Structure formats: C-alpha cells, structure tokens
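Add 3 to a position in the sequence shown, counting from 1, and you land on the number used in the working numbering.
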Amino acid sequence: MKAIKGAFGSEQVLRILGVVGALMALTSALVFAAGAEPVTALKALVYGAFGETYLLAETLVTAIPLALVGLSVAPALRAGIFTIGSQGQLVMGAALSTALLQAAAGGSPIVLLALGCLGGIAGGVLFALIPALLRLRFSVNEILSTLLLNYIAGFGLLWILKGPLAAAAQTATPRSNPLPDVALIPTLIDGTRLHWGLVLVPILAVALWWWGRSRSGLVYRLFSTHAKLAARLGLSSSRATLTVFIVAGGGAGLAGWAQVAGVTHTLYPSVDGGLGFSGILVAILGGLNPLGILAAALGFAALSTGAQGMQMGTSVPATIAVVVEGLTLLIVALAFRRKTGGV
C-alpha cells in the first residue's frame, strides 16, 4: 500500500478505491437484477478472464491497444489538452499500415514489421495534426474537432475498404485482403492470439514514467495551469500542442497496426471496436500514471473477456460489460471532476 501511495498519492488512492467500490456495488446490483447470484457471476467473470491460458491470453490481447492508447494520450491530458480523437487516429493508423503492407507484400519479415509499425504511427500522427493545427491556427476547441474527426475517420475507412483496399473477392462486409503472413506480428504463445506487440506496452510505460519525472514532464504539467509561466521556461503553446498531439496520434496509430497485424490479420470497418474511447477512459481511471494505466487496461480487458465467460456460466448477458464501462465513465467523471494535471 505504501508503494501505491507513493506512485499515486493518498488522495488519488482513496478516489480510485472509491471508484472500484462503487463499481462493484453497482455491478452486483445489475447482476442481481438479471436474475443471477452476484458471487457466482463474479467467479464466472474471473474464470472467463484468467481461468485458462487461452482466456488469459485473450485478456492480454484486449489490454494491449487499451494500454497503448492510454499511455500515449496521458501526456496530452497532463498538459490540459483534452483530445478524444484516439478512435479516428487508431483507424487511420490501421488503414495506412495495411496499405503499405499490401503494397510491399514481397518484402522480408523484418522490413514488413518495421514498415507496418512506422505506417501505423505515421497514420495516427498525420490525422492527429489536423485538430492540433485547427487549435493553433483557428482556435478550434480540440474536444469538438477530435470528436467530429472520429466520424470522418470511420466513414473514410468504409470508403477505403470499398475502393482502394477492397478485397479481391466480394464479401457481405467490406474488408481488405488478408495481410501477407510475413507481415504479421509473431505469436507469443502457441495456440493463442497473444502476439509480441505486448512488449510495446512496458516500453511505452517506462518512457512515460521517465518523462513524467523529467524537467520536460514537469513543465508540461505546469502548462496545464500556468501556460505563461511554462512559456518562460521554454514551452510555447504551439510546441506543447503539437508535441502531445503527435504522441497521442502515434500511440493510437501504433495500436491500430497492432490490431490488424497481430489480431485480425485483415482490415475491417470495426477495427476500432471502441478501443480509442476506452483507452482514454483507461488513462483517466489510471490517474495518468503508467502503473495505474496498465492496471486499468488489464481491468477493462478482463471485464470484456470475462463477460463472455459470465454469460456462459450464468444468465447474465455479456453486454453487461458495456453497461459497466458506461458506469465507469460516469463514476470517474464524478470522482475526478477537478482538472487532472498528472501525478
């Protein structure tokens, strides 16, 4: 507990515990209302998330993009720039990486992995620069612009999958051709979908931890409340805005590439799967702290995968996970209603 308090601070520990307690109480009430015994349903949920190697691997697979998005959007939130465009940036990263990999299908595995990774990052960054420039040049609120750009990305992906990246065979659902086998992220555990993209998560977590304790991280945190003072220390508004948008976009685009090259192996319109919005929620619930973000990502992933096991073991539908995520958003908004400048 002392280590946790050292990482988060006593006030935030109490808030996080309060959020968890409120969620457990509300979830138990929902389970009871669905006609199931809460303890039995909870056991089924835990088993569905961690009970077997395959189930644990599925939980980790789900946690990877959530953690990547959460870790990459944390600097923006620490700086007081509330971007909610990770959804669209993830989509554009997935689309650009897929296009590059399809075009370079004959390359070696190392080249294709590097190309896909860089393509995903580039796609997310390029799409993130749009709201950044709109904020700097025309003072457009980044919440509004990033929210609307998410819809543009979604419709743009549909057009891409019906045009430039359309599969050679006609299908009921628009999709791309499968990626070449040499372009796929290798599997970490045989018989599961867990891939080596998992190693990206601790790398980003350590980078965020180091940056948060550096002079640069402290100045960016100061920017959220005292922009003029931060400018005197060398951090202008334009530099802060561009930097955090680039980092947020790059991380979301990286998650998009990991989803296609590591999980689905084909680009579908549903590649985002709500991961962008959930990743932002993970960052907030984790207190913008690397350790907290990892824990929140794992918790959200366990809720998603465990809900399937709960549905099989009880009468509770798996869609309860969506309801609990919505409740999480509401409770977190109430518990952390003051602007978070980082921890």
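Using N, Cα and C, we set each Cβ at its ideal position, and we do this for glycine too. Keep in mind the model is a prediction, meaning the values are calculated, not measured.
Could you tell me the boundaries of the alpha helix (DSSP H) in which Val49 lies? Per DSSP, Val49 belongs to the alpha helix (DSSP H) from 41 to 53.
Is it buried or exposed, Pro189, if we count other Cβ atoms within 10 angstroms and call 16 or more buried? Counting Cβ neighbours within 10 Å, Pro189 comes out exposed, since fewer than 16 surround it.
How would you write the range of the alpha helix (DSSP H) that Leu288 sits in, first residue to last? In the DSSP assignment, Leu288 falls within the alpha helix (DSSP H) that extends over 278 to 288.
For Thr308, does the three-state DSSP call read helix, strand or coil? Per DSSP, reduced to three states, the secondary structure at Thr308 is helical.
For Ser307, I'd like the list of residues in its chain whose CB is within less than 7 Å of its CB, leaving aside the five on either flank, ordered along the chain. Excluding residues within five positions, the ones whose Cβ falls inside 7 Å are Thr65, Ala324.
Own chain, CB closer than 6 Å to Tyr271, minus 5 neighbours either side, in chain order: Within the same chain, Tyr271 has close Cβ partners Arg178.
By the three-class DSSP mapping on this structure, what secondary structure does Thr190 have? Reduced to three states, the DSSP call for Thr190 is strand.
In chain order, what residues of the same chain have a beta carbon less than 6 Å from the beta carbon of Ser241, not counting five sequence neighbours either side? Non-local beta-carbon contacts of Ser241 in its own chain, meaning distances under 6 Å to residues more than five positions away in sequence, involve Leu139 in chain order.
Closer than 7 Å by C-beta to Glu145: which residues in its own chain qualify, once you throw out the five before and the five after it? Chain order, please. Counting only residues of its own chain and dropping the five nearest sequence neighbours on each side, Glu145 has a CB closer than 7 Å to the CB of Ile84, Phe85, Thr86, Pro134, Arg138.
Cα-Cα, which of Ala117, Leu187, Glu55, Leu161 is closest to Gln262? With distances taken between Cα atoms, Gln262 lies closest to Leu187.
Please tell me whether Ala210 has its Cβ less than 9 Å away from any Cβ of chain D. Although the question refers to chain D, the structure presented lacks it and comprises just one protein chain.
Is there contact here, the region 211 to 225 with the region 64 to 80, by at least three beta-carbon pairs under 8 Å? Yes, since at least three Cβ pairs between the region 211 to 225 and the region 64 to 80 fall closer than 8 Å, the two stretches touch.
Work out the CA separation of Leu71 and Gly316 for me, nearest whole Å. Rounded to whole angstroms, Gly316 to Leu71 spans 31 Å at the Cα level.
Tell me which residues share the same chain as Trp199 and place their Cβ nearer than 6 Å to its Cβ, disregarding the 5 neighbours each side in the sequence. Taken in chain order, the residues that qualify are Ile188, Pro189, Leu191.
Evaluate the contact criterion for the region 117 to 131 versus the region 251 to 270: three or more CB pairs, one atom per stretch, below 8 Å. Flag = yes, the region 117 to 131 and the region 251 to 270 touch.
If I follow the unbroken alpha helix (DSSP H) through Phe130, where does it start and stop? 112 to 141 is the extent of the alpha helix (DSSP H) around Phe130.
Under 9 Å between the Cβ atoms of Ala127 and Leu93? Reading the sequence as shown, one finds Gly at residue 127 and not Ala. Taking 9 Å as the Cβ cut-off, Gly127 and Leu93 qualify as a contacting pair.
Starting from Phe248, follow the alpha helix (DSSP H) in both directions and report where the run begins and ends. According to the DSSP assignment, Phe248 belongs to the alpha helix (DSSP H) that extends over 240 to 262.
Kindly list the residues whose CB is nearer than 8 Å to the CB of Ala321, restricted to its own chain and excluding five residues on each side of it in sequence; keep chain order. Ala310, Gln311, Met313, Gln314, listed in sequence order.
Straight-line Cα distance separating Lys165 from Ala10: Legend: pLDDT at Ala10 = 49, less than 50; position of this residue unreliable, value from coordinates given subsequently. If you draw a straight line from the Cα of Ala10 to the Cα of Lys165, it is about 48 Å long.
Roughly how far, in whole angstroms, is the beta-carbon of Pro183 from the beta-carbon of Leu104, given that I think they are within contact range, below 8 Å? Beta-carbon to beta-carbon, Pro183 and Leu104 are separated by about 7 Å, close enough to satisfy the 8 Å threshold.
Are the beta-carbon atoms belonging to Leu151 and Ala98 less than 9 Å from one another? No, the Cβ-Cβ distance between Leu151 and Ala98 is not below 9 Å.
I need the straight-line Cα distance from Thr149 to Tyr223, nearest angstrom please. Cα to Cα, Thr149 sits roughly 21 Å from Tyr223.
Write down the C-beta distance between Glu61 and Arg196 rounded to the nearest angstrom, noting that I regard them as a contact closer than 8 Å. The Cβ separation is near 7 Å, so the contact holds.
Over the uninterrupted alpha helix (DSSP H) stretch that includes Val266, give me the two end residues. For Val266, there is no enclosing alpha helix (DSSP H), as DSSP marks it with neither H nor E.
Taking all protein chains shown into account, decide if Arg81 is buried (16 or more other Cβ within 10 angstroms of its Cβ) or exposed. Looking at its Cβ environment, which holds 16 or more other Cβ atoms inside 10 Å, Arg81 is buried.
What residue from Ser318, Ile334, Leu330 has the CA that sits closest to Ala36's CA? When only C-alpha atoms are compared, the closest one is Ser318.
How is the alpha helix (DSSP H) around Ile84 delimited, first residue to last? Looking at the DSSP string, Ile84 is not in any alpha helix (DSSP H), and its letter there is neither H nor E.
Should Val327 be labelled buried (16 or more other beta-carbon atoms within 10 Å of its own) or exposed? Counting the other Cβ atoms within 10 Å of the Cβ of Val327 gives 16 or more, which makes it buried.
Have a look at Phe280 and Ala171 and give me their C-alpha separation to the nearest angstrom. Between Phe280 and Ala171, the C-alpha separation is close to 32 Å.
For His198: DSSP bridge partner residues: Answer by DSSP bridge pairing, in chain order: Thr190.
Under the three-state reduction of DSSP, which class applies to Gln173: helix, strand or coil? Three-state DSSP puts Gln173 in coil, outside helix and strand.
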